[in-house]
Structures are given as structure tokens and as C-alpha cells.
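Here's the structure we're looking at; comments come further down.
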């Protein structure tokens with residue numbers, strides 16, 4: 042046997058052995074771990090977030106026959122650190138965390154069927170009617186690291202406004218806190234999304250108190266991902282569970298909670314626009 046052939050043969054053996062060990066490792070993980078940790082990015086107050094996403098956990102648990110526990114962290118920064126630490130088995134994240142998650146061994150399952158755009162809202166009695174009117178005003182936003190805050194910064198640039206000097210930017214803990222600042226007069230406008238505004242009006246305000254003055258360009262929406270240590274068969278079950286929500290009674294209830302119509306299969310290439318957003 043030639044020296045070159047021996048090297049090639051050994052390389053093939055090593056690769057095959059690695060694949061076998063990885064597959065075995067995933068099976069062992071699935072058997073030894075009593076549950077999957079499901080991390081949800083903190084886009085709403087923690088009690089509400091856990092309450093609503095427990096319904097998602099329950100659906101996952103039924104369909105993969107393994108307990109799934111919803112968890113989160115108080116801030117976007119702390120949640121991102123958990124992604125870096127690969128703490129969670131399943132995650133629901135905002136699009137600007139996608140590159141970080143992918144670099145830490147998470148793979149896409151399903152994303153919202155619609156795209157994400159930011160809206161700027163003011164009180165219905167405000168004299169602000171366009172994004173240009175925000176010069177010299179105070180704009181409240183979700184956390185600095187959020188998708189909406191990133192999108193809005195770019196919208197301000199397109200309108201000729203410098204987010205550091207043309208207006209005052211305030212960053213709150215979540216979307217609801219952002220809108221509350223407008224209602225109590227501590228901010229002139231707020232950046233958020235249509236589904237969040239709709240949900241808040243339907244569950245908290247009970248009537249229309251805010252109106253939209255600007256709508257941004259869009260980016261791919263929020264998505265579910267699974268860590269590579271989750272066995273492939275469970276990843277597939279999770280994906281099918283999510284994309285079939287609009288066909289199942291339990292799933293329709295989940296979609297209704299979040300004012301979402303459907304989820305579709307997510308691909309890595311869908312988020313190339315995020316990787317190159319500031320170029």
C-alpha cells in the first residue's frame with residue numbers, strides 16, 4: 042500500500058469514526074438529559090413572556106415526547122451571553138442574533154412567514170407626522186441590541202438624522218416599556234413592531250391610543266433554532282411542529298396569542314441580509 046493511499050485511508054476512517062461518535066453523542070445526550078432548555082429572547086416583561094411561551098413548550102413536549110422548559114434572561118445582553126455559552130437546546134431569537142447563534146452551533150428550524158419591519162408610533166394627539174419631525178425630539182426604543190433598534194438607526198440615517206446628535210435616543214427594557222414612555226409623556230415617539238402594538242392594544246390598552254407615523258424597510262423575522270447536540274430526529278419534529286401550527290388547533294391558539302399568521306422553514310441563506318446589514 043502506497044504512503045499516499047495509507048494517509049487517505051486513515052483520513053476516511055477518522056472522518057467516519059467522528060461521524061459515528063457525534064451521532065452516538067447526540068443519542069446519549071437525548072437519553073441522559075431529562076428535558077430541553079428553551080431560551081426565548083426577552084422582548085416582553087418576563088412574567089408575560091414565560092406565561093405565553095409555556096404554551097409553546099407544552100406543544101413541543103407533546104410532539105417530541107420530552108419535556109421542554111421555557112427560559113429567558115432579564116436583558117438582551119445577558120440572553121446573548123447564554124447563546125455564546127450554548128446554554129439552551131432550543132432558542133427563539135431576534136434576527137440580529139442569528140450570526141452569533143449560528144457561530145455557536147445553532148441551526149435554523151423555522152421563521153415567521155412574514156418579514157420584520159419597524160414602526161414609529163406617537164400618541165394620537167401628537168403633532169409629529171413623519172420621521173423627519175423627530176429632529177430635536179425624544180425617541181424611545183426597545184433594548185439597544187434589539188432588531189428594531191438596529192433597523193430604526195438605519196431608517197434615521199436614510200432620513201438624514203444622526204441617532205447620536207439629531208434627537209435623543211432612549212433604550213428601554215422591552216417594547217411595552219417603550220410604548221408606555223410615549224403614553225406618559227416621557228418620550229415623543231417609540232419604535233416597535235405592528236404585532237407587538239396590536240397585542241398591547243388588545244390586551245392592555247383596550248382602545249387605540251397610539252398611531253403609526255413611519256414604517257421601515259423589512260428584514261427576515263424572528264426564528265426558532267436548535268443546537269446541533271439535539272438529535273436530528275428531534276430537530277425535524279420541532280420544525281414540523283412549528284410550521285404546522287396554522288393547521289392544528291393547539292398551534293392556531295399559539296399563533297393567535299402573538300398575532301402571527303404562520304411560520305415557514307428557515308434556511309441559513311435567509312439571514313445573509315443580516316450578516317451584511319451595515320455594509
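Residue numbers (the working numbering): 42 to 320. We treat Cβ as the ideally placed atom computed from N, Cα and C, and that holds for glycine.
Counting along the chain, no alpha helix (DSSP H) covers residue 233; the unbroken beta strand (DSSP E) around it starts and ends at 230 to 233. In the three-state scheme derived from DSSP, where H, G and I count as helix and E and B as strand, residue 152 is classed as strand.
DSSP, read as helix, strand or coil, puts residue 267 in strand. Along the length of the stretch 153 to 177, whole alpha helix (DSSP H) runs at least 4 residues long do not occur. According to the DSSP secondary-structure assignment, residue 77 is paired through a beta bridge with 109.
Excluding the 5 residues flanking it on each side, residue 109 has same chain C-beta neighbours closer than 6 angstroms at 77, 79, 98, 101 and 102, in chain order. In the pairwise beta carbon analysis, the stretch 168 to 176 is classified as not touching the stretch 138 to 149: fewer than three pairs are separated by under 8 angstroms. Per DSSP, reduced to three states, the secondary structure at residue 129 is coil, with no helix or strand assignment. A residue is called buried once 16 or more other Cβ atoms fall within 10 Å of its Cβ, and residue 263 is buried on that count. Boundaries of the beta strand (DSSP E) harbouring residue 255: 251 to 260, taken from the DSSP string.
In this structure, residue 304 and residue 284 form a Cβ contact; the two beta carbons are roughly 5 angstroms apart against a cut-off of 8 angstroms. DSSP, read as helix, strand or coil, puts residue 179 in strand. Inclusion of residue 162 and residue 253 in the CB contact set at 8 angstroms is warranted, their separation being smaller than that value.
According to the DSSP assignment, residue 291 belongs to the alpha helix (DSSP H) that extends over 290 to 298. Leaving aside the five residues that flank residue 121 on each side, the residues in its chain whose CB is nearer than 7 angstroms to its CB run, in chain order, 138, 141 and 186.
With at least 16 other beta carbons inside 10 angstroms of its own, residue 257 counts as buried. Counting every other CB atom within 10 Å of its CB across the protein chains shown gives residue 160 a total of 16 or more, marking it as buried. Counted as a single uninterrupted DSSP element, the stretch harbouring residue 186 is not any beta strand (DSSP E), since DSSP gives it neither H nor E.
Taking the C-beta atoms as reference points, residue 208 is found no nearer than 8 angstroms to residue 170. Remark: C-beta atoms of residue 81 and residue 133 approach each other more closely than 8 angstroms. Distances from the CA of residue 218 to each of 189, 235 and 182 were compared; the closest alpha carbon is that of 182.
For residue 305, the secondary structure class from DSSP, reduced to helix, strand or coil, is strand. For residue 123, DSSP assigns no beta-bridge partner whatsoever. In its chain, beyond the 5 residues on either side, 286 and 287 have a beta carbon closer than 8 angstroms to the beta carbon of residue 293. Among the bridge pairs identified by DSSP, residue 210 is matched with 180.
Residue 156 and residue 279 have their C-alpha atoms some 21 angstroms from each other.
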